[in-house]
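Report on the structure given below.
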Amino acid sequence: MSLSSASSTLLRTCARQQLSTSRAAVTSCQQRRGVADAKASFESPFASANERGSTLKIPNFSKYQSSNAPRSNQVFSYFMAGTMGLATAVGAKATVQDFLVNMSASADVLAQAKVEIALGAIPEGKNVIIKWRGKPVFIRHRTQDEITEARETKWESLRDPQSDDERVQRPEWLVMLGVCTHLGCVPIGEAGDYGGWFCPCHGSHYDISGRIRKGPAPLNLEVPQYNFPEEEILVIG
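First residue of the sequence shown? That's 1 in full-length UniProt numbering, and the numbers climb one at a time after it.
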């Protein structure tokens with residue numbers, strides 16, 4: 001073999017080796033790029049408009065949204081508030097019903113709300129004090145002179161104007177609550193400047209019809225509800 005032939009053969013062999021090496025390098029680079037792209041695609045499966053260089057544009061629908069549309073959390077809050085309000089109302093109703101049932105008067109209490117008095121045991125010109133609903137009641141068997149005095153009084157000018165006929169059902173029987181209309185003291189009978197009742201607490205004077213005539217009391221002695229079911233029977237209440 002000549003020297004030129006050997007040189008040509010050596011050059012071709014070197015060229016083939018370099019070409020194979022270049023192809024392998026290119027293939028390896030392409031494989032690494034593919035792996036990197038796959039990794040990047042796996043780590044970020046969704047494109048984001050916030051990434052630098054991203055061309056993705058998300059449309060803005062805020063101008064199409066109603067300003068009166070309730071938010072989901074507000075709807076939930078309203079629902080919870082309504083539920084709690086309903087539960088509170090039901091509980092309050094049951095409580096009030098139980099309270100009213102317990103406070104309703106029994107038959108025994110209603111029976112004690114009325115008091116019956118035998119009038120034959122009260123002599124003329126005398127007072128009797130009984131207890132009715134926890135309060136004293138004055139019963140006066142008035143004389144004819146007392147009746148005349150009560151009727152002749154100029155009641156129109158009194159502090160609490162009231163005629164004697166408005167305060168009695170029978171002229172001889174005067175029935176009143178024994179509670180001073182000033183501060184609730186119990187007046188003394190057959191005392192005072194007008195021959196009726198006198199309150200020693202603050203000096204209120206009542207006449208023989210129980211009308212206020214002098215002192216701080218603003219009103220006449222109160223007349224309770226009563227009736228005469230029989231000639232000699234008085235029922236208060």
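For glycine and all other residues, C-beta sits at the position ideal for the given N, C-alpha and C.
Under DSSP, S204 forms a beta bridge with C199. Distance from D160 to N220 at the Cβ level is roughly 5 Å; contact confirmed, criterion being Cβ atoms closer than 8 Å.
A straight-line Cα-Cα distance of about 31 Å links F79 and N60. For R140, the enclosing beta strand (DSSP E) begins and ends at K135 to H141.
Setting aside the 5 residues that flank it on each side, R167 is surrounded in the same chain by S209 and V223, each with a C-beta closer than 6 Å to its C-beta; the list follows chain order. For E146, the closest C-alpha among the options D207, R213 and P218 is that of D207. For I147, the uninterrupted alpha helix (DSSP H) segment begins and ends at Q144 to E152.
Counting only the Cα atoms, C180 lies some 12 Å from V137. In the three-state scheme derived from DSSP, where H, G and I count as helix and E and B as strand, Y194 is classed as coil. The bridge partners DSSP lists for E230 are I233. When only Cα atoms are considered, G134 and V115 end up about 12 Å apart. Between G85 and N127, the C-beta spacing is not below 8 Å. In the three-state reduction of the DSSP assignment, G210 falls in the coil class.
For W173, DSSP records a beta bridge to H141 and R170. The C-beta separation of T143 from E124 comes to about 6 Å, placing the pair in contact by the 8 Å criterion. In the structure shown, the three-state DSSP call for K126 is coil. DSSP places E116 inside the beta strand (DSSP E), whose first and last residues are V115 to A118. Of the other Cβ atoms in all chains shown, 16 or more fall within 10 Å of the Cβ of V175; this residue is therefore buried.
By the neighbour-count criterion, in which a residue is buried when 16 or more other Cβ atoms sit within 10 angstroms of its Cβ, R213 is buried. Looking from the CA of P216, the closest CA among G184, E172, Q162 and R140 belongs to G184.
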